[in-house]
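Each remark here refers to the structure printed beneath this line.
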Amino acid sequence: MHAKAKYRKDYKTPDFTATDIFLDFQLDPQHTVVTAKTRFQRLNSESTTLRLDGHSFQFASIKFNGSDFSAYKQDGESLTLTLPEESAGDFELEIVTILVPAENTSLQGLYQSGEGICTQCEAEGFRQITYSLDRPDVLARYQVKITADKTRYPILLSNGNRIASGESDKGQHWVEWQDPFPKPSYLFALVAGDFDVLHDEFTTRSGRKVALELYVDRGNLNRADWAMQSLKKAMKWDEERFGLEYDLDIYMIVAVDFFNMGAMENKGLNIFNSKYVLANAQTATDEDYLAIESVIGHEYFHNWTGNRVTCRDWFQLSLKEGLTVFRDQEFSSDTGSRAVNRINNVKFLRTAQFAEDASPMSHPIRPEKVLEMNNFYTMTIYEKGAEVIRMMHTLLGEKRFQQGMQLYIAENDGKAATCEDFVSAMERASGVDLTQFRRWYSQSGTPKLTISDSYDEKKHTYQLIVSQLTPPTADQMDKVNLHIPLKIALYDKNGIPITLLNNGDVVSDVLNVTQKKQVFEFHSVSSRPVPALLCDFSAPVKLDYHYSTEQLITLLKFAQNEFVRWDAMQMLFAAELRRNLTASQQGEELTFSAEILTALSHVLANYKENVELTTLILTLPKETEFAELFKTIDPDGIVAVRDFMQRTIAENLRAQLLETYNAIQQEEYRIDILDIALRSLKNICLQYLAFTETGNLIVNKHYLHANNMTDTLAALTAATKAQLGCRENLLRDFEEKWQHDGLVMDKWFALQATRPDSNVLELVQHLMLHPSFNFNNPNRLRALVASFANQNLKAFHAANGSGYRFLTDILIKLNETNPQVAARLVEPLIRFNRYDSQRQTLMKRALERLSEVEDLSKDLYEKIDKALNA
Ligand code: TRP
Ligand code: ZN
Numbered sequence: 001m002h003a004k005a006k007y008r009k010d011y012k013t014p015d016f017t018a019t020d021i022f023l024d025f026q027l028d029p030q031h032t033v034v035t036a037k038t039r040f041q042r043l044n045s046e047s048t049t050l051r052l053d054g055h056s057f058q059f060a061s062i063k064f065n066g067s068d069f070s071a072y073k074q075d076g077e078s079l080t081l082t083l084p085e086e087s088a089g090d091f092e093l094e095i096v097t098i099l100v101p102a103e104n105t106s107l108q109g110l111y112q113s114g115e116g117i118c119t120q121c122e123a124e125g126f127r128q129i130t131y132s133l134d135r136p137d138v139l140a141r142y143q144v145k146i147t148a149d150k151t152r153y154p155i156l157l158s159n160g161n162r163i164a165s166g167e168s169d170k171g172q173h174w175v176e177w178q179d180p181f182p183k184p185s186y187l188f189a190l191v192a193g194d195f196d197v198l199h200d201e202f203t204t205r206s207g208r209k210v211a212l213e214l215y216v217d218r219g220n221l222n223r224a225d226w227a228m229q230s231l232k233k234a235m236k237w238d239e240e241r242f243g244l245e246y247d248l249d250i251y252m253i254v255a256v257d258f259f260n261m262g263a264m265e266n267k268g269l270n271i272f273n274s275k276y277v278l279a280n281a282q283t284a285t286d287e288d289y290l291a292i293e294s295v296i297g298h299e300y301f302h303n304w305t306g307n308r309v310t311c312r313d314w315f316q317l318s319l320k321e322g323l324t325v326f327r328d329q330e331f332s333s334d335t336g337s338r339a340v341n342r343i344n345n346v347k348f349l350r351t352a353q354f355a356e357d358a359s360p361m362s363h364p365i366r367p368e369k370v371l372e373m374n375n376f377y378t379m380t381i382y383e384k385g386a387e388v389i390r391m392m393h394t395l396l397g398e399k400r401f402q403q404g405m406q407l408y409i410a411e412n413d414g415k416a417a418t419c420e421d422f423v424s425a426m427e428r429a430s431g432v433d434l435t436q437f438r439r440w441y442s443q444s445g446t447p448k449l450t451i452s453d454s455y456d457e458k459k460h461t462y463q464l465i466v467s468q469l470t471p472p473t474a475d476q477m478d479k480v481n482l483h484i485p486l487k488i489a490l491y492d493k494n495g496i497p498i499t500l501l502n503n504g505d506v507v508s509d510v511l512n513v514t515q516k517k518q519v520f521e522f523h524s525v526s527s528r529p530v531p532a533l534l535c536d537f538s539a540p541v542k543l544d545y546h547y548s549t550e551q552l553i554t555l556l557k558f559a560q561n562e563f564v565r566w567d568a569m570q571m572l573f574a575a576e577l578r579r580n581l582t583a584s585q586q587g588e589e590l591t592f593s594a595e596i597l598t599a600l601s602h603v604l605a606n607y608k609e610n611v612e613l614t615t616l617i618l619t620l621p622k623e624t625e626f627a628e629l630f631k632t633i634d635p636d637g638i639v640a641v642r643d644f645m646q647r648t649i650a651e652n653l654r655a656q657l658l659e660t661y662n663a664i665q666q667e668e669y670r671i672d673i674l675d676i677a678l679r680s681l682k683n684i685c686l687q688y689l690a691f692t693e694t695g696n697l698i699v700n701k702h703y704l705h706a707n708n709m710t711d712t713l714a715a716l717t718a719a720t721k722a723q724l725g726c727r728e729n730l731l732r733d734f735e736e737k738w739q740h741d742g743l744v745m746d747k748w749f750a751l752q753a754t755r756p757d758s759n760v761l762e763l764v765q766h767l768m769l770h771p772s773f774n775f776n777n778p779n780r781l782r783a784l785v786a787s788f789a790n791q792n793l794k795a796f797h798a799a800n801g802s803g804y805r806f807l808t809d810i811l812i813k814l815n816e817t818n819p820q821v822a823a824r825l826v827e828p829l830i831r832f833n834r835y836d837s838q839r840q841t842l843m844k845r846a847l848e849r850l851s852e853v854e855d856l857s858k859d860l861y862e863k864i865d866k867a868l869n870a
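All residue numbers for the sequence shown refer to the UniProt record's numbering, where the first residue is 1 and numbers rise by one.
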């Protein structure tokens with residue numbers, strides 16, 4: 001019944017390619033007519049059968065070299081043509097299709113967003129517009145003519161340069177666009193609507209002027225500046241760090257409200273979820289600002305890593321995504337704080353990606369088997385993919401890495417490449433052997449490094465005994481040894497770093513772990529050292545080393561590497577949580593280590609030395625972060641113990657928290673790293689203070705005095721989490737002020753969905769009827785429903801199964817309207833093997849109910865099938 005899976009090993013070069021595509025759009029939300037004239041070229045001289053992909057439109061007509069043509073077969077997803085032998089070498093097809101953008105709730109292909117019309121073609125959305133060779137290794141030149149009503153759609157955009165425009169009858173007008181760079185169909189884009197435009201300009205280092213245009217809904221120009229600044233920063237940064245310059249005369253970004261993902265790198269015409277464009281002090285938090293900068297960078301960087309060099313097939317997705325995430329992370333790190341960026345990225349990877357690798361969806365960064373490509377825009381492809389690039393960077397160093405990049409681009413510019421092409425370029429340019437390293441591309445799962453050590457007091461030698469093991473995953477039983485770069489440092493008891501020596505030579509702080517078990521020896525170590533292991537998270541692995549509390553406190557206080565200090569605190573928190581969870585399960589009293597409280601107090605007292613790190617160290621891991629520590633998750637226990645930890649820290653550090661809170665005074669709102677750091681420290685103090693006696697007073701005042709969204713939301717969050725008396729008032733005030741603005745209301749919806757209250761599910765169900773809510777808007781769904789299912793551990797996993805039933809009901813509806821988003825939302829349910837048997841039964845029951853739905857989408861089917869039939 002369901003479409004067959006595709007396998008990486010089955011890749012074949014195409015028999016035909018398209019060289020030139022002329023698209024004519026007669027736009028209308030209810031009835032759009034698309035005429036696609038395509039020049040084809042035969043690559044395999046044997047073939048007379050041409051299979052084109054296409055579905056979800058009305059097929060009106062086809063012409064072959066200008067004449068009527070009927071030698072084809074149509075099925076639900078393709079059109080197969082039998083070509084006349086004599087003219088199969090080089091020919092033209094003209095295909096007419098009819099679309100209804102207003103009814104396309106899948107947000108793939110051509111669809112209506114608000115009052116405008118736009119496209120989303122990655123991965124396989126172009127085939128919802130017309131029959132085509134919809135595969136990334138078919139690169140063609142595009143020319144696009146758009147005709148539409150002039151008042152409704154004054155702005156008509158597509159890729160490349162505007163080459164002509166004019167008026168036509170019945171109040172219509174038209175614009176013609178031409179993209180000089182051949183591209184795969186997934187990079188095609190079209191936008192029509194009524195927008196305000198922010199204009200700017202960038203001069204490339206070779207002196208070319210590029211027009212920059214940012215399109216936002218009317219009235220939103222006061223939220224467009226930051227995105228534009230971010231774009232210019234990204235353009236400059238890519239020239240300086242990677243030597244890569246923009247290649248067209250115009251770069252356009254359009255913000256739309258209905259979008260399945262973050263943003264899309266269509267050549268010369270990026271389309272963005274408005275969440276990653278719009279910001280001003282009143283509507284966006286510091287976090288939003290930084291996310292915008294990173295996504296703007298990400299899409300811009302795709303121009304080289306993705307567009308100029310694209311992917312041969314979708315199994316190679318990480319070639320562009322892993323690399324581009326690495327690039328955007330480096331951009332954010334060079335622009336802002338490197339340590340903060342690293343810590344936040346690692347937090348995300350350790351929770352979300354590790355969880356994915358432990359789930360039925362586990363796959364290598366280059367998957368072997370795919371049923372629905374949309375299901376593989378994952379944490380693994382993106383974030384773990386970026387870690388794999390980062391490890392190469394660690395092994396090669398910046399200079400040789402950049403030489404590898406230059407070679408990679410020189411060899412593959414204008415082509416559709418593979419992950420192997422990338423690694424091979426890195427290897428040849430650097431001379432570093434990456435043979436074993438390549439296994440990171442084919443092996444899934446999270447490796448575990450088990451480390452022990454020994455110190456010889458007489459010889460003054462220190463040994464690290466390192467072994468690696470990757471446990472079996474859902475997709476792959478047998479695992480091999482990987483090449484793991486393990487970055488370390490050694491400290492003496494006073495926190496002074498020890499030079500790494502072996503036989504008198506200074507040795508690298510990056511150890512090459514390549515075997516099942518290895519011993520690394522260091523000489524002239526005068527006392528037993530404290531090892532800092534996996535510094536900067538030099539590889540995406542789990543670490544098992546039995547640290548003592550004392551050792552961790554030494555690292556927390558003295559390590560030079562900021563990441564190591566933060567990580568030491570994470571381990572201390574984890575130990576406290578584990579111990580207390582066991583205690584609570586055995587009905588014993590909960591306790592908090594006095595040493596750790598003292599250490600926290602020490603960090604807070606010295607906050608001026610490193611404001612941003614202080615905040616990160618003080619931040620208690622989220623429930624979901626703690627959950628990842630366990631094979632079987634106890635939702636109620638984790639929530640209760642975390643709550644205890646939070647209140648204990650608040651009580652014990654109260655005076656100091658209050659003092660710090662009061663000491664930080666900021667009048668004006670500025671987006672600059674120190675200001676952001678101070679705000680976040682002040683606000684973490686506020687989160688703890690909310691749990692103390694005077695919490696209500698302080699939080700209420702904080703809300704009333706806030707002159708920016710970061711502070712407003714901090715107060716609202718504190719009030720909600722600590723269930724303060726003021727919270728209903730504050731929530732109502734916020735709602736009244738922002739109910740007209742869905743994007744801002746998302747913050748409110750997300751907060752409601754993560755309330756600690758026992759009736760939260762009822763509330764969430766009720767909020768689905770709120771006038772600001774819209775079931776067809778993925779941002780709203782993510783804010784309310786995904787926040788509930790992913791962030792409210794206790795309520796979603798309620799032992800009576802009410803959370804699971806709620807989500808299942810939504811998924812049944814969403815299966816029809818937006819399968820791509822449905823398949824993202826189903827994730828928490830397919831991870832049932834992490835819960836106790838009662839919950840497992842309930843979760844499986846929910847999945848079985850889903851699996852019986854008629855017309856189950858490929859997207860949901862693939863995941864449910866993996867979960868239930870593993
Ligand atoms: N290529 C986009 C990015 O990483 C991701 C993306 C945007 C996407 N929209 C999509 C992927 C729709 C699949 C479907 O920047
Ligand atoms: Zn991307």
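The C-beta atom is built at its ideal place from N, Cα and C for all residues, glycine as well.
Consider the C-beta atom of residue i and the heavy atoms of the ligand TRP; say whether any pair is separated by less than 6 Å.
i: M361; result: no
i: Y377; result: yes
i: E827; result: no
Compare the beta carbon distance of residue i and residue j with 7 Å and say whether it is the shorter of the two.
i: A574; j: L653; result: no
i: D551; j: V530; result: Checking the sequence, you will find Gln at residue 551 rather than Asp. Their beta carbons are under 7 Å apart, which means Q551 touches V530 by this criterion.
i: Y153; j: G109; result: no
i: F788; j: A753; result: yes
i: A263; j: V216; result: no
i: L581; j: V641; result: yes
i: D478; j: S444; result: no
i: F691; j: R647; result: yes
i: R439; j: V423; result: no
i: Y607; j: A650; result: no
i: D20; j: A189; result: no
i: P540; j: K794; result: no
i: I365; j: I389; result: no
i: M843; j: L829; result: yes
i: D544; j: T450; result: yes
Answer yes or no: the CB of residue i versus the heavy atoms of the ligand ZN, is any distance below 6 Å?
i: E728; result: no
i: E321; result: yes
i: L305; result: One detail in the question is off: residue 305 reads as Thr in this sequence, not Leu. Flag unset: Cβ of T305 not near the ligand ZN.
i: T324; result: yes
Just list the residues that DSSP pairs residue i with in beta bridges.
i: G116; result: S113
i: A532; result: A489
i: V216; result: D196
i: F67; result: First, the residue type needs correcting, since residue 67 is Ser and not Phe in the sequence shown. S67 is bridged to F64.
Excluding sequence positions up to five away, which residues of its chain have a Cβ less than 7 Å from the Cβ of residue i?
i: F348; result: E383
i: D413; result: R308, V309
i: I498; result: L490, Y491, D492, V525, P529
Skipping 5 residues on each side, what residues in its chain have a beta carbon closer than 6 Å to that of residue i?
i: T51; result: In the sequence as presented, Thr is not what sits at residue 51; that position holds Arg. These residues qualify, in order along the chain: S78, T80.
i: M426; result: M392, G404
i: N708; result: A281, Y669
i: E862; result: L371, E372, N375
The ligand MN heavy atoms versus the CB of residue i: any closer than 6 Å?
i: T119; result: The ligand MN is absent from the structure shown, which contains only the ligand TRP and the ligand ZN.
With a threshold of 8 Å on Cβ separation, who are the neighbours of residue i within its own chain once the five nearest residues in sequence on each side are excluded?
i: D509; result: K487, I488, A489, L500, C535
i: Y186; result: C121, E122, A123, E124, G125, F126, D134, P136
- Does the pairing of the region 199-212 with the region 176-185 give three or more beta-carbon distances under 8 Å? Counting Cβ pairs under 8 Å, fewer than three are found: no touch.
- Message: Measuring CB atoms only, is the region 157-168 touching the region 134-148, in the sense that at least three cross pairs come out at less than 8 Å?
- Response: Segments in contact, yes.
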